[in-house]
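Numbering (my numbering), first residue to last: 43 to 125. A virtual CB, placed ideally from N, CA and C, is assigned to each residue, including glycine. See structure below.
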């Protein structure tokens, strides 16, 4: 049993846009770090469908009120300044 097999791993899903060159470099780095990757590229139809769902969800949730926007921006600025 290796040391790495005793470390608890987390699943992390990323949705990123990269060029072919960036993709190749990123996958090389992940492989070098012994990180299992399951690349999945969406078709145009899948992207359109996902965007449609996101738009509909946004309509249901609505927008923040001005007060909520101000509170969120203050919180964000505070978080950034504390880094």
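So, under 8 Å CB-CB, residue i and residue j are touching, yes? Tell me the CB distance rounded to an integer number of Å.
i	j	result
residue 69	residue 79	6 Å
Take residue i as the anchor and find which of the options has the nearest alpha-carbon.
i	options	result
residue 60	82, 105, 77, 53	82
What's the gap between the Cα of residue i and the Cα of residue j?
i	j	result
residue 71	residue 87	30 Å
residue 120	residue 76	36 Å
residue 52	residue 65	22 Å
residue 85	residue 91	10 Å
residue 114	residue 62	36 Å
residue 103	residue 118	21 Å
residue 50	residue 125	27 Å
residue 56	residue 74	18 Å
residue 96	residue 106	16 Å
residue 122	residue 112	15 Å
residue 89	residue 100	16 Å
Taking 8 Å as the CB-CB limit, is residue i close to chain D?
i	result
residue 125	Protein chains in the displayed structure number just one, and chain D is not present.
Item to check | In chain order, each alpha helix (DSSP H) run of at least 4 residues that lies wholly inside the region 49 to 121 | outcome: 62 to 74, 86 to 103
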